[in-house]
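*Asks:* Have a look at this one before I ask anything.
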Amino acid sequence: MEEEKLTDSELIESYKRGNKKVITILVKRWHIIFCKVAFIIVKDKFIAKDIAQESWKVILNKIESLQNSNKFKSWALQIVKSKSIDYLRKVNRRNKNLEKYKKELSVYNSDFEEEEETNSNIVLKKRLKKAIQSLPNKQRVVIELFYLNEYSLKEISSLLHISVGTAKSRLFNAREELKSILKHK
């Protein structure tokens, strides 16, 4: 095919003139390179592929505004690098949130154990804590994030990489399980 012999600049100019088919040539030419660049930054080949795919979305949305089509390579690679760095920042924020959650949970647990059992509220709290600890891990984590750390369902879904519906379902099931456990004690 003659189009495959065209330079990136010529392909982009052809695209801007309405030949949308040339994008497939650019993708064939650059996708693997984008994956490799992303991999160098994120060190995970599956994530790198996702980043390359997301980068293509940005490239296709902004290619019309690329003023100098001779600079496609550096422009596109900068998008891939930015997406990769954004991913690492997101992971770092998520890890910090998880560490904060663990720290708060350990403080909660130690505070909980230091209280005296003479007060009926304290006895109830201990029963509730024990019941929460007996929940399946997926339900326990959601209920602790929701009630102890006051995260929204949307924040929980983002933190745990599950849908909001799944977070809501796990929270509902955890509540039902807690009702059942506390009734039988």
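Just so you know, the sequence shown maps onto residues 1 to 185 in full-length UniProt numbering.
Don't be surprised by glycine CBs; every beta carbon is placed ideally from N, CA and C.
With H, G and I counted as helix, E and B as strand and the rest as coil, what does DSSP make of residue 53?
*Replies:* Note: residue 53 maps to helix in three-state DSSP.
*Asks:* Is residue 152 buried or exposed, if buried means 16 or more other CB atoms sit within 10 Å of its CB?
*Replies:* Residue 152 is exposed by the Cβ-count criterion.
*Asks:* For residue 26, I'd like the list of residues in its chain whose CB is within less than 6 Å of its CB, leaving aside the five on either flank, ordered along the chain.
*Replies:* Within the same chain, residue 26 has close Cβ partners 11.
*Asks:* Within the chosen definition, does the segment 88 to 107 reach the segment 66 to 80 through at least 3 CB pairs nearer than 8 Å?
*Replies:* Segments in contact, no.
*Asks:* Can you look up residue 153 in the DSSP assignment and give me helix, strand or coil?
*Replies:* Correct three-state label for residue 153: helix.
*Asks:* State yes or no: is the C-beta of residue 145 within less than 8 Å of the C-beta of residue 101?
*Replies:* Yes, the Cβ-Cβ distance between residue 145 and residue 101 is below 8 Å.
*Asks:* Is residue 178 closer than 8 Å to residue 167 when the C-beta atoms are compared?
*Replies:* No, Cβ-Cβ distance for residue 167 and residue 178 is not below 8 Å.
*Asks:* Report the residue ranges of all alpha helix (DSSP H) runs contained in full by the UniProt domain "RNA polymerase sigma-70 region 2" (27 to 93); include only those spanning at least 4 residues, in chain order.
*Replies:* Within the UniProt domain "RNA polymerase sigma-70 region 2" (27 to 93), the complete alpha helix (DSSP H) runs of at least 4 residues are 45 to 62.
*Asks:* Between which two residues does the alpha helix (DSSP H) carrying residue 18 extend?
*Replies:* Counting along the chain, residue 18 falls outside any alpha helix (DSSP H), and DSSP gives it neither H nor E.
*Asks:* Let's test the definition: count the other Cβ atoms within 10 Å of the Cβ of residue 98 and tell me whether it reaches 16, buried, or not, exposed.
*Replies:* Classification for residue 98: exposed.
*Asks:* Just the Cα atoms here: how many angstroms apart are residue 63 and residue 50?
*Replies:* Taking the straight line from one Cα to the other gives about 20 Å.
*Asks:* Please state whether DSSP places residue 134 in a helix, a strand or coil.
*Replies:* Three-state result, residue 134: coil.
*Asks:* On a CA-only basis, which of 170, 22, 149 is nearest residue 136? Give me that one, please.
*Replies:* Here the closest residue by C-alpha is 170.
*Asks:* Alpha carbons only, please: which of 82, 17, 19 is nearest the one belonging to residue 58?
*Replies:* The candidate whose alpha carbon is nearest that of residue 58 is 82.
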